[in-house]
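What follows is one structure encoded as structure tokens, with my remarks underneath.
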Amino acid sequence: MESELVRTILAGIPRPIVLISADERVAAMNDRARQMFGSAGIGRHYITVLRQPALLDSVEMTLRLGQTRSIRYLTTDLTREATFEVTSSPIEDRGRQGALLCFEDVTEREQAGEIRRDFVANVSHELKTPLTALLGFIETLKGPARNDPKARDRFLDIMEREAERMNRLVRDLLSLSRVEAEERVRPSTRVDVVALVRSSVLTLRPMANDAGVRLIVTGHEDPVMVPGDSDQLVQVFTNLIENAIKYGGAGGRVTVEISVLERELAFRGPGIRIDVIDQGEGFDPVHIPRLTERFYRVDSHRSREKGGTGLGLAIVKHIVNRHRGRFRIESTPGQGSRFSIMLPTS
Ligand code: ADP
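For the sequence shown, my numbering begins at 102 and goes up steadily by one.
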């Protein structure tokens with residue numbers, strides 16, 4: 102069955118294809134299929150080549166009954182686990198029934214679905230906790246604590262905190278979805294990063310004072326213009342400085358260092374670098390690759406206690422990507438952390 106024309110057509114199809122003749126042998130495979138099953142399979146009975154039971158069943162149904170079948174096929178190639186959707190369709194082979202197997206790689210689609218499901222589960226969980234607390238207190242205020250002014254005041258304070266937590270979560274979720282939607286469009290207006298850093302520091306100074314933390318800005322002082330969205334950049338600096346005060350404040354000092362980069366290798370051009378450095382507890386560097394994932398926290402209890410949503414660094418990452426910049430994290434347990442933003446100036 103493997104004529105020159107069949108070979109040419111199979112070679113042109115950008116996914117693995119296996120052709121099985123009516124005598125149940127592998128008649129042809131294109132290069133991609135050869136990579137999966139090996140070239141030695143040609144001419145052999147399909148059972149010895151395909152092996153996986155679900156795949157064999159679907160081929161059998163096609164050969165015996167002329168039915169089209171679709172199944173999921175899991176495999177591991179050299180680098181990763183992959184999921185394929187395999188369609189086995191009947192084809193005419195000299196008056197008898199052959200089968201054509203077409204493999205579609207659905208790994209990324211399935212991963213995207215999984216990420217979406219995880220995200221919805223996480224959001225629901227994050228909202229459910231304060232909501233349950235609120236419902237509980239409302240119930241108590243309507244019943245046992247109805248005539249207890251002292252308890253009422255205390256409960257109202259807690260309810261306010263829980264409602265604020267939900268408010269922050271919704272605000273961060275909206276912010277994240279807006280940033281993600283705009284991520285491909287680099288801002289075109291030019292803004293002064295140094296002024297934005299200083300304004301973020303000014304806003305957070307009272308918080309630092311309350312926490313007993315000295316907030317210091319060092320380095321370059323003159324304006325540095327970058328193509329940027331000023332609200333979003335303020336959000337980046339605010340999130341990082343706020344985290345440094347919240348989680349690294351034990352060191353008593355948070356430094357924001359501004360330096361001009363003549364030529365940054367990461368984006369092959371001039372830029373500006375802002376480092377937010379604390380001398381707090383730091384964390385094990387194993388967490389670094391996951392820290393910018395939504396809802397990932399080193400210490401969930403601590404983050405919740407500090408009113409964290411677990412979205413701050415995810416927002417930072419997306420904003421920095423939109424600005425075609427780089428975001429680096431370093432930390433040494435017991436010594437503190439350094440969060441660095443590098444932005445191209447042209
Ligand atoms: P959160 O709302 O929990 O603060 P973020 O995305 O801003 O969420 O941060 C994720 C986690 O990273 C935090 O929960 C915390 O565990 C850790 N983290 C962030 N900044 C620091 C820091 N300066 N020092 C130590 N841990 C930090």
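All C-beta atoms, glycine included, are put in the ideal place defined by N, C-alpha and C.
Just so it is clear, the structure is predicted and the values come from calculations on it, not from any experiment.
DSSP, read as helix, strand or coil, puts Tyr-147 in helix.
Close CB contacts of Arg-405 within its chain, under the 6 Å cut and outside five residues either way in sequence, are absent. Leaving aside the five residues that flank Ser-159 on each side, the residues in its chain whose CB is nearer than 6 Å to its CB run, in chain order, Arg-170, Ile-172, Ser-189.
Judged by DSSP secondary structure, Thr-109 falls outside any beta strand (DSSP E) and instead within the alpha helix (DSSP H) spanning 105-113.
Taking Met-130 as the centre and dropping the five residues before and after it, the same chain places the C-beta of Val-119 closer than 6 Å to its C-beta, in chain order. From the listed residues Arg-285, Lys-229, Val-224, the smallest Cα separation to Leu-274 is found for Val-224.
Looking from the CA of Arg-181, the closest CA among Asp-206, His-424, Gly-167, Leu-111 belongs to Asp-206. Arg-218: not part of any beta strand (DSSP E); member of the alpha helix (DSSP H) spanning 208-243, first to last residue. Under the DSSP assignment, Arg-135 falls in the alpha helix (DSSP H) whose first and last residues are 132-138. Taking the CA atoms as reference points, Arg-354 sits about 8 Å from Ile-317. By the CB criterion at 8 Å, Glu-363 and Gly-435 fall outside the cutoff.
Ala-129 sits in a strand when the DSSP states are folded into three classes.
Rounded to the nearest angstrom, the Cβ distance from Asp-376 to Arg-306 is 18 Å, too far for a contact under 8 Å. Linking Gly-196 to Thr-176 through their CA atoms gives a straight-line distance of about 34 Å.
A residue is listed when its beta-carbon falls short of 7 Å from at least one non-hydrogen atom of the ligand ADP; in chain order these are Asn-340, Asn-344, Ala-345, Lys-347, Tyr-348, Gly-349, Asp-379, Gly-381, Glu-382, Gly-383, Phe-384, Leu-392, Tyr-397, Arg-398, Val-399, Asp-400, Arg-403, Ser-404, Lys-407, Gly-409, Thr-410, Gly-411, Leu-412, Gly-413, Leu-414, Ala-415, Ser-432, Ser-438, Phe-440. CA-to-CA, the gap between Ser-401 and Ala-415 works out to about 16 Å. Counting along the chain, Glu-186 sits inside no alpha helix (DSSP H); it lies in the beta strand (DSSP E) bounded by residues 182-194. Sequence-distant Cβ neighbours of Asp-385 in its own chain, meaning closer than 7 Å and more than five residues away, are Pro-434. Assignment of Ser-331 by DSSP, reduced to helix, strand and coil, places it in the helix class.
For Ala-367, no pairing in a beta bridge is given by DSSP. Beta-bridge partners assigned by DSSP to Pro-445: Gly-372. Within the DSSP secondary-structure output, Gln-198 pairs in a beta bridge with Glu-193.
When DSSP reads this structure, Gly-320 sits in a beta bridge with Ile-359.
Our two residues, Ile-259 and Asn-248, have alpha carbons roughly 18 Å apart in a direct line.
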